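Read top to bottom, the protein sequences are chains A and B. Quick note on the working numbering: the first sequence kicks off at 1 and runs consecutively. Quick note on the working numbering: the second sequence kicks off at 242 and runs consecutively. The structure under discussion appears below in the form of structure tokens.
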Amino acid sequence: MSTSGEPVQDIFRSNGHAPTEYRRVYVWELPVRAYHWINATALVALCITGYLIGHPFHLLYAPEAYQQYWFGWVRFIHFVSAWIYIMNFMARLYWGFVGNKYARLKTFLPLTRAQRHEIVEVIKADVLQTKMHGPISTGHNALAAFIYFITFIVFLLQMITGFALYSNMSTSSLPRLFMWAVPLLGGEFGVRFWHHIFLWFFVCFVIIHVYLAFYHDYIEGRATISSIVGGWKFERVKDVK
Amino acid sequence: MGQSIWQSMERKGYSRREFLQFCAAAATAAGMGQAGVAQVAAAFEKKEKPAVVWMHFQECTCCSESFIRASHPIVLDALLDVLSLNYTETLMAASGFQAEKSLNDTIQNNKGKYIVLVEGAVPTHDGGVYCMIGGKTAESILQTVAKDAAAIVAWGSCASNGCVQAAKPNPTGATPISKLVDKPVINVPGCPPIADVMMAVVTHLLVLGQVPALDSLNRPKEFYGRRVHDTCYRRPNYDAGLFVESWDDENARRGYCLYKMGCKGPVTYNACSVVKWNEGTSYPIQSGHGCIGCSEDGFWDNGPFYHHLPSFPGFGVESTADTIGTLVGVATLAGVAAHAVVTNVRKQKVIAEVHAEEQKES
């Protein structure tokens with residue numbers, strides 16, 4: 001289910017020359033898109049509630065504690081989002097084995113020379129704003145894929161520190177698997193410190209990720225943005241191998 | 242020596258009623274409840290007075306000061322009476338060679354049966370010269386007493402995790418007891434530990450003759466199983482989002498949660514909010530000050546006391562992970578905005594390039 005090959009006209013040009021043909025490619029399957037948006041929602045919820053847990057402000061005023069529970073709800077949302085985030089990630093790992101070629105786990109690591117070359121090209125295009133030479137990957141470009149791999153690692157660290165903090169007030173067994181992180185990081189002081197540091201990694205990631213997604217759509221015109229809703233991207237017919 | 246606890250108490254003039262009262266208190270302190278009283282009484286009628294040596298190394302004696310202020314005087318009196326406290330620098334009458342002899346005799350005559358209570362960390366740098374008693378280093382004394390001990394208890398944060406002596410840069414190489422001896426050590430951290438907790442641990446060893454249930458850091462679960470925060474009477478204010486914003490504000494007078502004032506209750510495992518201090522009078526949070534986490538490993542190095550996050554290394558006292566993170570986040574946003582401006586300036590050129598390329602191709 002990789003391509004549905006009806007060429008569409010490049011409506012950008014209407015100056016009488018023969019149009020460049022683009023082909024519609026079904027890149028992001030439904031599980032990948034679902035993963036992306038569940039992940040995005042949970043991550044934003046985790047960042048906001050996580051920041052609030054670190055820096056609560058006076059949202060609501062009541063003279064006595066029994067009259068409100070908003071901070072409890074903030075923490076509840078944080079914990080529920082964390083569970084959703086983790087289970088969603090597990091589902092994505094599974095899809096990395098059975099999904100189409102754009103979803104495979106090995107695309108996240110720069111294992112081939114071509115991928116490493118593309119990383120350099122994309123850095124040039126993104127940072128130095130030079131023109132891309134040659135075709136860019138239809139799925140994740142090699143740099144984006146590698147950065148997602150780093151986010152997976154940071155996410156694992158965030159899960160370990162989060163569960164380590166959570167384990168002592170939980171009766172569920174999964175968080176208790178990570179209790180070893182507490183003495184390793186020098187007590188809960190250290191665990192909390194690192195859990196906060198990783199929050200800021202994700203904040204910076206979201207800013208750059210959203211921007212670059214728009215940027216690539218903006219200069220390439222291949223539906224980078226809409227592809228994560230509908231799943232289709234476009235590639236020039238001459239680039240299709 | 243050789244006497245049972247009951248015989249020793251009887252000789253000191255305690256009545257049978259007082260003995261049973263002590264047994265009840267001891268059973269309660271050991272977590273056995275009323276059903277255990279008969280068991281305790283039976284044990285104390287037969288059990289020999291256990292020999293105890295109380296070592297003092299790098300410390301301030303606040304653990305001893307705490308211990309003698311236990312809430313249940315009858316238990317404390319009886320404990321100090323029933324224990325054969327054969328060596329303790331602070332309380333014993335003997336000094337010099339007499340004291341040394343007492344320590345040696347205790348070890349020789351009670352091999353495998355005596356209890357070692359250690360207060361203070363042991364310095365290991367420079368051959369251990371920073372703490373020497375009777376011409377011997379703290380470490381060599383510790384090895385001698387630990388060798389044939391039935392049980393070793395580390396009193397307080399110094400002996401459990403190093404406390405202030407082990408704070409960076411730790412000039413004397415202060416080391417917790419558990420890292421120096423190859424036997425299990427019961428850690429009773431706190432600066433100092435709560436008197437009643439200390440008493441209960443000793444009672445447990447005495448009454449049941451076994452080590453209480455310990456957590457992964459070898460702390461008695463009974464007292465270190467929950468966070469100060471989880472049992473704090475101000476906890477409902479935390480869940481309601483009612484926080485003290487500055488010392489002596491209206492919220493402080495109302496007794497709201499001290500989380501934003503840097504209270505370390507959420508990361509500190511101790512029984513302060515349950516057992517309390519000074520005969521159950523109060524504990525730091527009840528008195529309006531946040532917990533400083535004195536029973537946690539490295540609490541001196543995770544300051545300041547009035548920020549709930551440790552300061553970020555290398556950026557001065559006031560910068561936490563979140564202030565650094567906010568700066569990095571803002572810098573990222575600024576970078577992205579600058580990039581967007583450049584992209585738009587270039588966009589016309591990009592369009593022209595695309596046109597030119599496609600014309601060439603077609």
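Where is the CB? At the ideal position from N, CA and C, for every residue including glycine. Nothing here was measured: the structure is a model prediction, and the numbers come from that model.
Going residue by residue through the segment 95-145 of chain A, where are the continuous alpha helix (DSSP H) segments of at least 4 residues, counting only ones entirely within it?
113-123
For Y69/A, would you say it is in contact with chain B, using Cβ-to-Cβ distances shorter than 8 Å as the test?
yes
Would you kindly check if the distance between the Cβ of K290/B and the Cβ of S325/B is under 8 Å?
yes
Per-residue contacts from A40/A into chain B (C-beta, under 9 Å):
Those within 9 Å of A40/A in chain B number zero; the least Cβ separation is about 17 Å.
Residues that G99/A contacts on chain B, provided the C-beta gap is smaller than 9 Å:
Neighbours of G99/A on chain B: none; closest Cβ ~30 Å, over 9 Å.
Pull out every residue of the segment 191-216 of chain A whose Cβ sits closer than 7 Å to any Cβ of chain B, in chain order.
R192, F193, H196, I197, L199, W200, V203, C204, I207, I208, Y211, Y215
Could you please tell me which residues of the segment 118-142 of chain A, in chain order, have their CB closer than 9 Å to any CB of chain B?
D126, V127, Q129, K131
Say whether chain A places a C-beta atom closer than 8 Å to the C-beta of L421/B.
no
At 8 Å on the CB atoms, spell out the chain B contacts of I219/A, in chain order.
T584, K588, V591
Reference A300/A; option with closest CA among T151/A, W200/A, V32/A, M169/A
Absent from the model: residue 300/A. The displayed extent of chain A is 1 to 241, so no value can be given.
Does T561/B come out as helix, strand or coil in the three-state DSSP assignment?
strand
Quick one: does G353/B have its CB under 8 Å from some CB of chain A?
no
Need the endpoints of the beta strand (DSSP E) that W232/A sits in, please.
232-236
So, at 6 Å on beta carbons, what are the nonlocal neighbours of L105/A in its own chain, with the 5 sequence-adjacent residues on each side left out?
G96
Can you check whether the C-beta of H36/A is within less than 8 Å of a C-beta belonging to chain B?
no
Out of A572/B, V429/B, R495/B, S343/B, which has the shortest C-alpha to C-alpha gap to R475/B?
R495/B
Output the boundary residues of the beta strand (DSSP E) element that contains N194/B.
Absent from the structure is residue 194/B, since the part of chain B shown begins at 242 and ends at 603.
Identify the continuous alpha helix (DSSP H) that holds I348/B and give its terminal residues.
337-350
Three-pair Cβ contact test at 8 Å for the segment 27-41 of chain A versus the segment 444-455 of chain B
no
With K537/B and F189/A assumed to form a contact (beta carbons below 8 Å), what rounded beta-carbon distance in angstroms separates them?
According to the sequence displayed, residue 537/B carries Glu and not Lys. Correct: roughly 7 Å between the Cβ atoms.
Which two residues bound the contiguous beta strand (DSSP E) that contains R246/A?
Lying before the first or after the last residue shown, residue 246/A is absent from chain A, which here runs from 1 to 241.
Of the residues R192/A, W232/A, K233/A, which one's Cα is nearest the Cα of K505/B?
R192/A
Determine, for E463/B, whether the minimum Cβ-Cβ distance to residues of chain A falls below 8 Å.
no
Name, please, each residue of chain A whose Cβ falls closer than 9 Å to the Cβ of P551/B.
F189, G190, R192, F193
Interface partners of E559/B on chain A, CB under 9 Å
In chain order: nothing, as chain A lies at least about 15 Å away.
For chain B, find out if any of its Cβ atoms is closer than 8 Å to the Cβ of M169/A; answer yes or no.
yes
Using the rule of at least 16 other Cβ atoms within 10 Å of the residue's Cβ for burial, across every protein chain shown, is P244/A buried or exposed?
Any answer about residue 244/A is impossible in this case: the structure gives chain A only from 1 up to 241.
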